[in-house]
Each structure stands twice: as C-alpha cells, then as structure tokens.
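To start, the structure itself, in structure tokens.
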Amino acid sequence: MTRIDVLTLFPEMFRGPLDHSIVGLARERGLVDLRVHNLRDWAADRHKVADDTPYGGGAGMVMKVEPVVAALEALGGEGPARSLLMSPAGARFEQADARRLAREPRLVVICGRYEGIDARVRRFVDEEISIGDYVLTGGELPAMVVIDAVVRLLPGALGAPASAVEESFAGGLLEYPQYTRPREFRGLSVPEVLLSGHHAEIARWRRREALRLTAERRPDLLARAELSDEDRAFLAALAAEREAGGAPEADEGDQRP
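Under the working numbering, read the sequence shown as residues 20 to 276, first letter to last.
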C-alpha cells in the first residue's frame, strides 16, 4: 500500500475531491492510505499560529518554518518518505513525474498558502513541484492534482490497466480521438476504420491520429516522444503538406476533433 500524507492549513478542502472516482476507489480497495493533517497541530504557541508577517515588510502573511519542519520530522519518525512542496517556483509536474512518484512507497505533500512559505523550508524537502505557470490561492488544489495523477497509476487503481498506457502523455503524445455510440450525430460520423474490426488498421489509425493531434496542438512534445521511422515519415509528410498550404491528408473516415 502507498501512503500519502498531506500537510495543509485547510484540511477541509480535501473532503470530497479525493473521496470519489479513481482515488476514492483506490482508498476503498486499500491501494492508498491518504492522511490529511492540519499544520497548526505542530504550531508551538497556544494559539496555534502557523503564519506571520514577512521580514523586510510587504503585504500578506508568510507560513512559518517551525510547524512545517516539526510535522516533517514527526511524520519521518513513522518511516522514510519523499517530501514534496507545492510551489510556483518548483519544477513543472509532468506525466513522467507521476510515474516516478507512483513507485514511491510513501509521500508527504506540503501545501503553501498566503504570500508563500518561509524559504528555509526548502532545506528540509526533497523536491518542489509546480503544476503550471499561473497563480492559485494555495497549494491545496495542486496537491490534489498531483495525488490524483499518482494514485491512478498505482497497480489496480484503474479498472482497465491499459487505460494508463493509452491515455494522453503516457507515451509522450496526446491521446488519439475516441468515439462511442451513436455512429452518426448531426452529420458527424465515427471513422469507418474504427468499425472495421481490423485491429492492425485501427492501431495504425490511432497512432497516426495521436501524432497528428500532437503535431497540431503540442509540437513541443514530439522532441521527447519515442518515434519510429514510420512515425517520422508521417510527421514529415504532415509538415510538407502544411508548408504547401494544403490540409494534411486524412485516413478514411477521419473526423478530427
């Protein structure tokens, strides 16, 4: 079982979002032990103060170093864990990080708040993580994002194990388009190849559509994706057709999203 401890000033925020869907089922199945702790429980004064005004002046409050370190040391006494600080200054969180963290037996996730967290906390954590270049009220929502991405990769968390392999970013590409009933909707048809029952052709179509979609929307991902010679030839053909001003040639029945 994987254990995840969360340190936050607002533990009530985690009630609900992580009780349902894949994470909720993983908890019910005993795949993950998720524990949310109130950082104020480690504040030393009788008023349980976990923040203070910043040295040097400025607006807002800064989270104090003592409660965070005290919590890390207390939880560390229960066994080794990898500590993660949710921070806009952290490394960008990606699917490869989710896979890496899913192999850890235990994680401690620290949620910052207010104007930030005392910089000395960084000396006591293993890594800092950011989920994107934008500002949120605190680290709780990023923590939920990271937890969701990690837990769904735990063995047994997904009903169909192949789902984690085939979805977006799993192989370095965006996922191919998906379709279900009805076959026709307001003039939009399901690609014929998906109705053919020809598994090799379906796999070929899906690979090409994943390449096409990634080239159109996230070309930056292609530099790190694992590409075959056939993939590279297809991408070269797409690029040549775009440069010529024509629409990229689609496979039969193609309905691009």
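Even for Gly, the Cβ is constructed at its ideal location relative to N, Cα and C.
#1: As a quick exercise: from Tyr153, Gly206, Leu160, Pro73, pick the residue whose alpha carbon is nearest that of Pro36.
#2: If you follow the alpha helix (DSSP H) that Ala45 is in, where does it begin and where does it stop?
#3: Considering only residues of the same chain and omitting the five flanking positions on each side of Ala229, which have a CB-CB separation below 7 Å?
#4: The alpha helix (DSSP H) with Met163 in it runs from where to where?
#5: Using the Cα positions of Glu47 and Gly178, report the straight-line distance between them to the nearest angstrom.
#6: Classify Pro276 as helix, strand or coil using the three-state DSSP reduction.
#7: Grab me the residues of Arg22's own chain with a C-beta within less than 6 Å of its C-beta, minus the 5 sequence neighbours each way, in chain order.
#8: Per DSSP, what kind of secondary structure is Asp137 in: helix, strand or coil?
#9: Residues in the same chain with beta-carbon distance under 8 Å from Asp38, minus the five sequence neighbours each way, listed in chain order, please.
#10: Go ahead and pull the three-state DSSP assignment for Arg122.
#11: Hey, which unbroken runs of the alpha helix (DSSP H) at 4 residues or more fall wholly within the segment 204 to 274?
#12: Ignore the nearest five residues each way along the sequence and tell me which others in Glu205's own chain have a CB closer than 8 Å to its CB.
#13: Who are the near neighbours of Gly79 in its chain, counting only those whose CB is closer than 8 Å to its CB and skipping five residues on each side?
#14: According to the Cβ coordinates, are Leu246 and Thr233 closer than 8 Å?
#15: When we look at the beta-carbon of Arg295 and count the other beta-carbons within 10 Å, is it buried (16 or more) or exposed?
#16: Starting from the C-beta of Gly175, find all residues in its chain whose C-beta is less than 7 Å away, skip the five residues before and the five after it, and write them out in chain order.
#17: Can you list, in chain order, the residues of its chain whose CB lies under 6 Å from that of Glu220, leaving out five sequence neighbours each side?
#18: Assign Arg54 to one of three DSSP states: helix, strand, or coil.
#19: State the DSSP-derived secondary structure class of Leu155, mapped to helix, strand or coil.
#20: In angstroms, rounded to a whole number, what distance separates the CA positions of Leu58 and Asp239?
#21: Tell me whether Glu154 is buried or exposed, calling it buried when 16 or more other Cβ atoms sit within 10 Å of its Cβ.
#22: Whose C-alpha, out of Gly75, Val84, Arg231, is nearest the C-alpha of Ala252?
#23: Just the Cα atoms here: how many angstroms apart are Ala259 and Asp248?
In short, the structure shows the following:
#1: Leu160
#2: 40 to 47
#3: Leu192, Leu193, Glu194, Tyr195
#4: 159 to 170
#5: One C-alpha to the other measures close to 14 Å.
#6: The predicted position of Pro276 is uncertain, since its pLDDT is 43 and thus under 50; no value can be drawn from it.
#7: Asp52, Arg125
#8: coil
#9: Scanning its chain for C-beta atoms nearer than 8 Å, with the 5 sequence neighbours on each side dropped, one finds around Asp38 the residues Arg46, in chain order.
#10: coil
#11: 218 to 236, 248 to 262
#12: Per the sequence presented here, residue 205 reads as Arg, with Glu not at that position. Excluding sequence neighbours, Arg205 sits near nothing in its chain.
#13: Pro73, Tyr133, Glu134
#14: No, Cβ-Cβ distance for Leu246 and Thr233 is not below 8 Å.
#15: Within the shown structure, residues of the chain are numbered from 20 to 276, placing residue 295 beyond reach of any answer.
#16: Arg48, Leu50
#17: Contacts found: Val212.
#18: strand
#19: coil
#20: Taking the CA atoms as reference points, Leu58 sits about 39 Å from Asp239.
#21: Looking at the sequence shown, residue 154 is not Glu but Val. Within 10 angstroms of the beta-carbon of Val154 lie fewer than 16 other beta-carbons, which makes it exposed.
#22: Arg231
#23: Looking at the two C-alpha atoms, the distance is approximately 16 Å.
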